[in-house]
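For reference, the structure discussed in these notes is given below.
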Amino acid sequence: SDLDAGAGSLRQAITSANSNPMDADNIVFNIPASDPNYNAITGVYTITLASLLPTINSISVSIDGTTQSGNTNPNGPEICIKSTTNLTYALCFPFSGGVAKGLIINGFQYGIILTTYSTYPSGSCTVSNCYLGVNYNGSVAIPNDIGIVLYGNVANNTIKDNLISGNTTAGIGVRKSNANVIQGNKIGCDRTGMSAIPNYYGVAIDSSANNTIGGNTVIQRNIISGNAYAGIAINTNISHDNVIKGNYIGININGIARTDTIPNYYGIAINDSYNNTIGGATAAERNIISGNLDGGISILGSNAKNTTIKGNYIGTNVVPFN
Numbered sequence: 091s092d093l094d095a096g097a098g099s100l101r102q103a104i105t106s107a108n109s110n111p112m113d114a115d116n117i118v119f120n121i122p123a124s125d126p127n128y129n130a131i132t133g134v135y136t137i138t139l140a141s142l143l144p145t146i147n148s149i150s151v152s153i154d155g156t157t158q159s160g161n162t163n164p165n166g167p168e169i170c171i172k173s174t175t176n177l178t179y180a181l182c183f184p185f186s187g188g189v190a191k192g193l194i195i196n197g198f199q200y201g202i203i204l205t206t207y208s209t210y211p212s213g214s215c216t217v218s219n220c221y222l223g224v225n226y227n228g229s230v231a232i233p234n235d236i237g238i239v240l241y242g243n244v245a246n247n248t249i250k251d252n253l254i255s256g257n258t259t260a261g262i263g264v265r266k267s268n269a270n271v272i273q274g275n276k277i278g279c280d281r282t283g284m285s286a287i288p289n290y291y292g293v294a295i296d297s298s299a300n301n302t303i304g305g306n307t308v309i310q311r312n313i314i315s316g317n318a319y320a321g322i323a324i325n326t327n328i329s330h331d332n333v334i335k336g337n338y339i340g341i342n343i344n345g346i347a348r349t350d351t352i353p354n355y356y357g358i359a360i361n362d363s364y365n366n367t368i369g370g371a372t373a374a375e376r377n378i379i380s381g382n383l384d385g386g387i388s389i390l391g392s393n394a395k396n397t398t399i400k401g402n403y404i405g406t407n408v409v410p411f412n
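For reference, each letter of the sequence shown is one residue, going 91 to 412 in our numbering.
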């Protein structure tokens with residue numbers, strides 16, 4: 091049900107999964123349209139939390155909102171997890187193999203946390219097809235403070251195909267977390283990729299290494315545009331060897347900078363981190379970094395060394411000189 095507690099609730103499902111922490115569990119949804127928390131206009135079933143859900147203390151737990159029957163919300167997910175009291179988080183995955191898919195999450199300090207317990211290094215979690223910080227159709231901000239947090243000894247997580255916009259501090263915050271992949275997301279814009287719904291930072295990387303933002307194919311491209319400060323920020327002299335490739339940064343989904351900008355203030359801001367790569371040798375690895383209000387790429391700090399900037403279009407359309 092979309093009640094906060096009791097039989098059939100998400101809270102009870104997580105509690106049941108935690109009772110046998112070494113088993114893999116799938117949490118699925120089959121809420122009837124007669125449920126009192128179903129909105130027939132938006133097509134969304136809303137779970138409003140009165141208190142924190144349990145931490146997901148079990149390996150390989152999948153929470154999949156796309157299992158809800160019927161495409162009742164053609165403009166986004168059908169299942170919404172909501173806080174009206176700024177609870178700390180909606181979902182917290184401290185073990186490996188967790189999945190959050192097809193959920194709307196708003197009103198929390200941190201929408202989804204991928205973290206770790208010191209004795210149980212975590213990683214290989216996936217967050218996909220979620221709306222974090224926006225409403226049911228991805229047109230209006232309903233903020234979290236940070237949409238997705240990757241923090242502390244976690245690695246090899248995948249953040250893909252989400253709409254992460256409207257969050258107060260950052261869409262994605264990566265701190266002390268390595269070798270993660272961020273692909274196919276819209277970060278700082280609306281569902282259509284045509285208008286801004288700003289995060290302050292789109293992606294903020296701090297004290298982290300070997301993360302990849304973007305990829306070599308269209309479906310791996312992030313649209314990172316419309317953010318109030320930096321589309322991507324990489325900070326501290328512990329951050330290194332991060333790769334940013336194949337993204338649109340500061341322009342909308344059409345990639346026409348002169349007429350279709352939804353600017354960040356800075357496109358990419360690197361401060362004191364080293365050995366990072368922006369772009370690549372092939373056209374597929376090229377970032378289009380255009381329309382931003384200040385620098386397309388800003389590199390500052392005495393430790394900001396050995397940055398490779400290669401093959402990008404900066405200040406142009408997808409087709410330059412057009």
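We put the beta carbon where it would ideally sit given N, CA and C, even for glycine. Please read these numbers as outputs of a predicted model, since none were measured by experiment.
Report yes if the C-beta distance between residue i and residue j is below 8 Å; otherwise report no.
{"i": "Gly405", "j": "Ser388", "result": "no"}
{"i": "Gly335", "j": "Gly304", "result": "Before going further, note that residue 335 is Lys rather than Gly in the sequence given. Closer than 8 Å, so yes."}
{"i": "Ala245", "j": "Gly213", "result": "yes"}
{"i": "Ile324", "j": "Asn366", "result": "yes"}
{"i": "Val224", "j": "Ile262", "result": "no"}
{"i": "Ile287", "j": "Gly316", "result": "yes"}
{"i": "Thr205", "j": "Cys182", "result": "yes"}
{"i": "Asn120", "j": "Ser152", "result": "no"}
{"i": "Ile117", "j": "Cys170", "result": "no"}
{"i": "Lys395", "j": "Gly369", "result": "no"}
With 16 as the cutoff for other CB atoms within 10 Å, does residue i come out buried or exposed?
{"i": "Leu143", "result": "buried"}
{"i": "Val230", "result": "exposed"}
{"i": "Asp384", "result": "exposed"}
{"i": "Asp115", "result": "buried"}
{"i": "Ala373", "result": "exposed"}
{"i": "Val217", "result": "buried"}
{"i": "Leu390", "result": "exposed"}
{"i": "Val264", "result": "buried"}
Round the Cβ separation of residue i and residue j to the nearest angstrom and send it over; I've been treating them as touching at under 8 Å.
{"i": "Gly278", "j": "Ser298", "result": "The pair is not a contact, with the Cβ atoms about 20 Å apart (cut-off 8 Å)."}
{"i": "Asn312", "j": "Gly274", "result": "7 Å"}
{"i": "Ile194", "j": "Val134", "result": "7 Å"}
{"i": "Gly188", "j": "Cys220", "result": "That pair is no contact at about 13 Å."}
Which residue from the options puts its Cα closest to that of residue i?
{"i": "Thr178", "options": "Ile236, Ser159, Pro122, Asn129", "result": "Ile236"}
{"i": "Ser150", "options": "Pro184, Ser141, Ser124", "result": "Pro184"}
{"i": "Ala269", "options": "Ala320, Tyr290, Ser329, Asn257", "result": "Ser329"}
{"i": "Asn382", "options": "Asp331, Pro111, Gly155, Ala318", "result": "Ala318"}
{"i": "Ile238", "options": "Asp251, Ile202, Asn257", "result": "Ile202"}
{"i": "Thr132", "options": "Asp280, Lys191, Pro164, Gly369", "result": "Pro164"}
{"i": "Val333", "options": "Ser141, Tyr200, Asp113, Ile295", "result": "Ile295"}
Taking the beta strand (DSSP E) that residue i falls in, what are its first and last residues?
{"i": "Thr302", "result": "302–304"}
{"i": "Leu240", "result": "236–245"}
{"i": "Arg101", "result": "It is not in any beta strand (DSSP E) - Arg101 instead sits in the alpha helix (DSSP H) that spans 100–108."}
{"i": "Asn361", "result": "356–361"}
{"i": "Asn325", "result": "320–325"}
{"i": "Phe183", "result": "179–183"}
{"i": "Lys395", "result": "Run containing Lys395: none; DSSP gives neither H nor E here."}
{"i": "Ala260", "result": "260–268"}
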